[in-house]
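Numbering of the sequence shown is given in the numbering used here, commencing with residue 69 and proceeding in unit increments.
The beta-carbon is built from N, C-alpha and C at its ideal position, and this holds for glycine as well.
Contents: one structure, followed by commentary.
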Amino acid sequence: MQTKPDLEPLLDFSPYRLLTEPDAVHQRMRTESPVRLVREESGFTYWLVSGYAEARQALRAPGLSNDPRRLGRPVDTANAYSPMANNDPPHHTRLRGLVSHGFTRRRINALAPRAEAVTGELLDALAPTGRADVIADLAFPLPVLVICELLGVPTQDRDAFRAWAARTLSTAAGPRTREERSRRLRAYFTRLVAAKRAAVRPGLAPDEQPDLLSALIVAQEQRSSLDDDELIGLAVLLLVAGHETTTNLIGNGLLTLLLHPDQLTLVRDDPALLPSAVEELLRYEGSAGQSALRVAVDDVVIGGTVIPRGSVVNIGLSLANRDPGAFLDADTLDVRRTANPHLAFGHGIHYCLGAPLARMLATTALGALLGRFGGLQLAVPADELRWRQISILCGLTALPISFAPVRPETSGT
Numbered sequence: 069m070q071t072k073p074d075l076e077p078l079l080d081f082s083p084y085r086l087l088t089e090p091d092a093v094h095q096r097m098r099t100e101s102p103v104r105l106v107r108e109e110s111g112f113t114y115w116l117v118s119g120y121a122e123a124r125q126a127l128r129a130p131g132l133s134n135d136p137r138r139l140g141r142p143v144d145t146a147n148a149y150s151p152m153a154n155n156d157p158p159h160h161t162r163l164r165g166l167v168s169h170g171f172t173r174r175r176i177n178a179l180a181p182r183a184e185a186v187t188g189e190l191l192d193a194l195a196p197t198g199r200a201d202v203i204a205d206l207a208f209p210l211p212v213l214v215i216c217e218l219l220g221v222p223t224q225d226r227d228a229f230r231a232w233a234a235r236t237l238s239t240a241a242g243p244r245t246r247e248e249r250s251r252r253l254r255a256y257f258t259r260l261v262a263a264k265r266a267a268v269r270p271g272l273a274p275d276e277q278p279d280l281l282s283a284l285i286v287a288q289e290q291r292s293s294l295d296d297d298e299l300i301g302l303a304v305l306l307l308v309a310g311h312e313t314t315t316n317l318i319g320n321g322l323l324t325l326l327l328h329p330d331q332l333t334l335v336r337d338d339p340a341l342l343p344s345a346v347e348e349l350l351r352y353e354g355s356a357g358q359s360a361l362r363v364a365v366d367d368v369v370i371g372g373t374v375i376p377r378g379s380v381v382n383i384g385l386s387l388a389n390r391d392p393g394a395f396l397d398a399d400t401l402d403v404r405r406t407a408n409p410h411l412a413f414g415h416g417i418h419y420c421l422g423a424p425l426a427r428m429l430a431t432t433a434l435g436a437l438l439g440r441f442g443g444l445q446l447a448v449p450a451d452e453l454r455w456r457q458i459s460i461l462c463g464l465t466a467l468p469i470s471f472a473p474v475r476p477e478t479s480g481t
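Here it is, written out as structure tokens:
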């Protein structure tokens, strides 16, 4: 059993570097000891899980807690009202069971036409210019508007809600400002839940309600096991986590394709490859989550290594997704890859409930971009792009592109 921290410095987690060259240090660590005690330069010591099989085991281990308060750190502002994201069974099991009644695949599929229409409208505005910032012009507004539709945010509130979400999710403001914006967001959802409760359609099951908030209200009333704080927290979680994940997947995904023009050409020439391309982008670039932090509430054995109680565990999702023991040519982007059981959305009880929504929106956005705009290319050198890190998520602040100008198409609504 390893008990002395490995003091070898870990390789820079620069997203651009991980997109453009294999990570030799982590490759060796994964081969030699896929569960390894490491210490950062700051002195922070934790167990790094970098092997695929070991990561799957860790994500399902009941002795590893997902509650950040056990890590001795406050809950992130973005997750301050996210009871499902920050709890373990049985509390997590109860909440997830309730949410699953409203957050169904049928409901997500019903949003697809609206997602296509919104995407078309956003691209219509860009088409004649030949230039765009993919983040500001598409990857950010698309999920906000579709999540508004999912939650049932009134149409007259959506423009204000979009600007409000941008300010709330911004990393430019200080902690106090972000906290105040989060309180305002919570206050808005408190009013919206009250309005939805007054207008809920009696006699309909949760998955028959017109929007997710109404579905959760019905589930709350039927089971009496979801209080208003939890209900509002789930709405905030969907906006923050669902939006950030999807924005990063669209932005990082397009950048990855631009850095691999042969793969971009394959997808552009054969749109049937879009679903497998999105899965491969999730595996390869890790925008849905680079890692998952846990704390051992008991001694836990992962991959034959004993992790003592009280230890912090960093499950390297992006590292596990590059494990050659699980993926053929793991450091190669292959949009035609079919066997792709990646861990980008996690595994086990905390598997991302919003994964179908993120997949649908990314497929819609990338398909429309590649289908409508020829000559797509970066408008700045790739190594000049700026990144932002929010918890385990990493995305671009901007993605300037150029393309051949085209006449706008007429989009439905």
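(request) For my contact list, residue 126 and residue 132 are in at a C-beta cut-off of 8 Å; report their separation, rounded to the angstrom. (result) 6 Å
(message) I'd like to check one pair, residue 284 with residue 167: are the Cβ atoms closer than 8 Å?
(response) yes
(message) If distances are taken between C-alpha atoms only, which option among 210, 175, 181 comes closest to residue 191?
(response) 210
(message) According to DSSP, simplified to helix, strand and coil, what is residue 357?
(response) coil
(message) Which same chain residues end up closer than 6 Å to residue 345 when comparing Cβ atoms and leaving out the 5 residues on each side of it in sequence?
(response) 335, 403
(request) Could you tell me the boundaries of the beta strand (DSSP E) in which residue 104 lies? (result) 103–107
(message) Going residue by residue through the region 159–201, where are the continuous beta strand (DSSP E) segments of at least 3 residues, counting only ones entirely within it?
(response) 199–201
(request) For residue 383, write down the residues that DSSP places opposite it in a beta bridge. (result) 117, 360
(message) Which same chain residues end up closer than 8 Å to residue 394 when comparing Cβ atoms and leaving out the 5 residues on each side of it in sequence?
(response) 120, 121, 388, 409
(request) Starting from residue 373, follow its DSSP beta bridges and name the residues at the other end. (result) 370
(request) State buried or exposed for residue 110, treating a residue as buried only when at least 16 other CB atoms are found within 10 Å of its CB. (result) exposed
(request) State buried or exposed for residue 352, treating a residue as buried only when at least 16 other CB atoms are found within 10 Å of its CB. (result) buried
(message) I need the DSSP call for residue 396, collapsed to helix, strand or coil.
(response) coil
(message) Relative to the C-alpha of residue 340, which candidate in 96, 225, 432 has its C-alpha closest?
(response) 432
(request) Starting from residue 469, trace the alpha helix (DSSP H) both ways and give me its first and last residue. (result) Not the alpha helix (DSSP H): residue 469 falls in the beta strand (DSSP E), residues 468–470.
(request) Locate the alpha helix (DSSP H) running through residue 420, then write down its first and last residues. (result) Taken as a continuous stretch (DSSP letters only), residue 420 belongs to no alpha helix (DSSP H), as it is neither H nor E.
(request) Starting from residue 334, follow the alpha helix (DSSP H) in both directions and report where the run begins and ends. (result) 329–337
(request) Under 6 Å Cβ to Cβ from residue 474, same chain only, skipping five residues before and after it: list those, please. (result) 195
(message) Tell me the residue span of the beta strand (DSSP E) that contains residue 464.
(response) 461–464
(message) Can you tell me whether residue 282 is helix, strand or coil according to DSSP?
(response) helix
(request) Output yes or no for whether 8 Å exceeds the beta carbon distance between residue 102 and residue 414. (result) no
(request) Would you check if there are 3 or more beta carbon pairs closer than 8 Å linking the region 297–313 to the region 199–207? (result) no
(message) Spatial neighbours of residue 342 within its chain, please: C-beta separation below 8 Å, excluding the five flanking residues on both sides.
(response) 335, 431, 434, 435
(request) Classify residue 337 as buried or exposed, calling it buried when 16 or more other Cβ atoms lie within 10 Å of its own Cβ. (result) exposed
(request) Locate the alpha helix (DSSP H) running through residue 303, then write down its first and last residues. (result) 296–305
(message) For residue 305, tell me which candidate among 176, 453, 422, 135 has the shortest Cα-Cα distance.
(response) 422
(request) Please report how far the alpha carbon of residue 300 lies from the alpha carbon of residue 333, in whole angstroms. (result) 43 Å
(message) Measuring only the C-alpha atoms, how far is residue 321 from residue 217?
(response) 24 Å
(request) Go ahead and label residue 441 buried or exposed: buried means 16 or more other beta carbons lie within 10 angstroms of its beta carbon, across all protein chains shown. (result) buried
(request) Please state if the CB of residue 115 and the CB of residue 379 are separated by a distance shorter than 8 Å. (result) yes
(message) Let me confirm a value: residue 357 is counted as buried when at least 16 other C-beta atoms fall within 10 Å, else exposed. Which label applies?
(response) buried
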